[in-house]
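Using my numbering, you'd call the opening residue of the sequence shown number 443 and step up by one each time.
In this text, a Cβ means the ideal position worked out from N, Cα and C, and glycines have one as well.
Notes follow once the structure below has been shown.
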Amino acid sequence: MKKLPGLLFLLIAFFTFSGSHSSSKLSRSMESVMGRMSDKDSIVCWVFFTDKGPAPEVLLSSPEKLISQRSIDRRKKYLSPDKITDNSDLPVYAGYLNSIEKMGIRIKGKSKWLNSVSLKVAKTDIKKLEALPFVSSIDLVTRYSKRYKAETPAAPPNEGKALRGTKVLYDMDYGASLTQNQMLQVPALHNLRITGQGVMIGVFDAGFNRLDHEAFQGLDIHATWDFVNGDPGVGDSLDMGEGSHGTNVLSSIAGYKPGSLIGPAFGATYILAKTENTESETPVEEDNWIAAIEWADSIGVDLVTSSLGYIEYDPPFQSYTWQNMDGNTARITIAADLAVGKGIAVFVSAGNEGHHATRNTLGAPADGDSVVAVGAVDNTGSRAYFSSVGPTSDGRIKPDIMAMGQGVRVASSWTTTGYGYSSGTSFSCPIAAGVAALILSQRPWITPLELTAALKSTANNANNPNREYGWGIINALAALNSIPVVSVNDEASLPSGFKILGNYPNPFNPSTRVDFELSVASPVTFELYNSAGERVISRSENGFSAGRHSYDLSVGNINSGVYFLKITSAQGTGVLKLVLSR
């Protein structure tokens, strides 16, 4: 989605593909399946409506009646004030729902964005639905299977060690999660005290059965919902799946236990959605995911990470094929792109179907042109053997970016204090999404497409993107620095006072960048003291305006060791601990 108007084309293409091909309201796939059904058989289908009922413009004039204030504020980054809400935000018309329920049919799910409901109906009911004047088309709810990789206690080679050729000293002890963070330059942002604060992230997975784990003790969870069972409990160990996968995934982005595991965005706020049933041989239905993304939008999330990894399901179930990975066919893809159009950054797993010489192995919604599809590398930076490849069937490069997804350190789903390792694009995706949250925390005004552009343009394969690596392994620090700081003429962006944000690199030689904020213009003095308390450098600089600043501190030929940098402004004084390593 290069432009918001492209959403209109996307929706037209969707209804053209899914809708009737003659006077019938049934899709071809629906008619094909019905031909094999007996009158007693039932099937899950989508029923699409012609409109949103009478006088929808009344609600559109009051956005606060349709979505939360947080969602309104997020959309303002992307949309003009008169277009904060549109027809897709209106609820499905209650009169149509009542008519269906009076037929004795239970409504399974609703999508206001697609103006449809999902129903489990008998063959004999389908013709009755087709006869309703407000029904525009009927199609199958596509189902998937999912391959989960079990967590293991064994560490991959070199896990938890600094990357080859590096000498590091970070403010946090990452333990065995060091490599997966360091590969993406996450510790550099953590050293600046950037942890995802102020960002709300939606995590969609198969339940979260160990939220009492020590790595989640400080986690800010705003809301939860189980879209499989229809209740707020996302950790039901015996109800449609046991939730271990979601526990592993959540810990890779949000876990915090120094010495054992640190996720990139442990300081963010989270909402958790159970969208999948992990019971053996049970197909996953797409309507749960679509309901979850609409729920997340209404709450006001900034970013969604979804570790889907779906594959085609065996007949008689309807599934999408690799040819359908064109960005306009799969309903999950349509919903994901719509979410981006409403200001949500959507990160999804590219898939775990490995390499194919002549075609893509992607799973929806990784084919979306506005969705960030994340592939996986191992701890050496080489593509993981299972990581799905592109391009999309219409020729676009996928995956978009890469992160570590083989041998990822995770919280154990079996104990409250244990840890293990998991592999899959299910884990590279949340780690990459965590990096995105760090950037949004410091550049909250950027749109999802601007965020994606920053990640891609600074990744290690940006000069030669391809179907295996996309634009490559992302770099958190480079991506952040590629986005200009907002003008201090914007009063809303001004800091509230004097604040030292940190320095990078640390250790350093011979210079380091010191970041700080001022709420008023002020001269600033930088004084460096050695461990004996002796002042070795003193510099005063004028002309710092209100806003965020970076100062390059060069220390010349002083000896290696621990130093303390005292920074003084008109608003106060602060001290940083620095390490000079020759």
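Residues bridged to residue i [DSSP beta-bridge criterion]
i	result
Met844	Gly817, Ile915
Ser484	Ala564
Asn972	Tyr1005
Ile774	Partner(s): none; Ile774 has no beta bridge.
Phe869	None; Phe869 has no bridge partner.
Arg579	A small correction: the amino acid at residue 579 is Ser; Arg does not occupy that position in the sequence shown. DSSP output for Ser579 lists Phe490 as bridge partner(s).
Arg825	Val819
His991	Phe958
Val1021	Val1004
Glu983	Val966
Ser748	Phe646, Val790
Ile942	Phe958
Spatial neighbours of residue i in its chain, beta-carbon cut-off 7 Å, leaving aside the 5 residues before and after
i	result
Tyr698	Ala657, Gly660, Ile704, Gly705, Phe708
Ile547	Leu561, Val563, Asp567
Asn972	Val978, Gly1003, Tyr1005
Val930	Any reading at Val930 needs caution, since the residue's pLDDT is 39, under 50, leaving its predicted position unreliable; the model's value is listed next. Leu936, Ser987, Ala988, Gly989, listed in sequence order.
Ile636	Leu880, Ser883, Gln884
Ser558	Trp488, Val489, Phe490, Phe491
Gly675	Asp668
Leu574	Ser541
Burial state of residue i, where buried means 16 or more other Cβ atoms lie within 10 Å
i	result
Trp667	buried
Ser938	exposed
Arg1039	It is not possible to answer for residue 1039, since the shown part of the chain is limited to 443 through 1024.
Met642	buried
Ser503	exposed
Gly862	buried
Asp809	buried
Thr711	buried
Asp524	exposed
Asp820	buried
Tyr616	buried
Ser464	Low per-residue confidence applies at Ser464: pLDDT is 47, beneath 50, and the placement is therefore not dependable, though the value from the model is reported in the following sentence. When all chains shown are included, Ser464 counts as exposed.
Ala778	buried
Glu718	buried
Trp913	buried
Pro629	buried
Asp842	buried
Thr900	buried
Val500	exposed
Lys507	exposed
Glu593	The predicted position of Glu593 is uncertain, since its pLDDT is 47 and thus under 50; a value taken from the coordinates is nonetheless stated next. By the neighbour-count rule (16 or more Cβ atoms within 10 Å), Glu593 is buried.
Asn651	buried
Cβ separation of residue i and residue j, assumed to be a contact under 8 Å, to the nearest whole Å
i	j	result
Met844	Ala806	Actually they do not touch by this definition, with Cβ atoms about 20 Å apart.
Gly644	Ser883	Contact doesn't hold; Cβ gap of about 16 Å is too wide.
Leu893	Ala787	5 Å
Leu880	Leu631	5 Å
Glu736	Ser553	7 Å
Val436	Lys716	Any question about residue 436 goes unanswered here, given that the chain covers just 443 to 1024.
Ala878	Leu897	7 Å
Gly1048	Arg516	What is shown of the chain runs 443 to 1024, which leaves residue 1048 out entirely.
Val852	Ser693	5 Å
Ile509	Asp531	6 Å
C-beta contact flag for residue i and residue j at 8 Å
i	j	result
Val489	Ile580	yes
Asp647	Gly688	yes
Ile916	Arg885	no
Phe789	Ala921	no
Thr859	Asp654	no
Pro700	Met625	no
Ala781	Thr867	no
Pro872	Ile713	no
Ser964	Ser1011	yes
Thr771	Leu804	no
Gln622	Met846	yes
Lys519	Gly785	yes
Val691	Phe828	no
Ser686	Ser855	yes
6 Å Cβ shell around residue i - same chain, five flanking residues per side excluded
i	result
Val1025	With the chain covering only 443 through 1024, there is no way to say anything about residue 1025.
Arg773	Glu728
Arg801	Trp764
Leu970	Val978, Ile979, Tyr1005, Leu1007
His664	Thr711, Ile713
Ser748	Phe646, Val790
Cut-off 8 Å between Cβ atoms - residues of its own chain near residue i, not counting five sequence neighbours on either side
i	result
Lys570	Met545
Gln627	Asn917, Ala918, Leu919, Ala920
Thr1015	Lys1008, Ile1009
Heavy atom of the ligand HEM within 7 Å of residue i beta-carbon
i	result
Asn766	With respect to the ligand HEM, the structure shown offers nothing to examine, as it has no ligands at all.
Min CB distance residue i to chain B below 8 Å
i	result
Phe869	Protein chain content of the structure displayed is limited to a single chain, and chain B is not contained in it.
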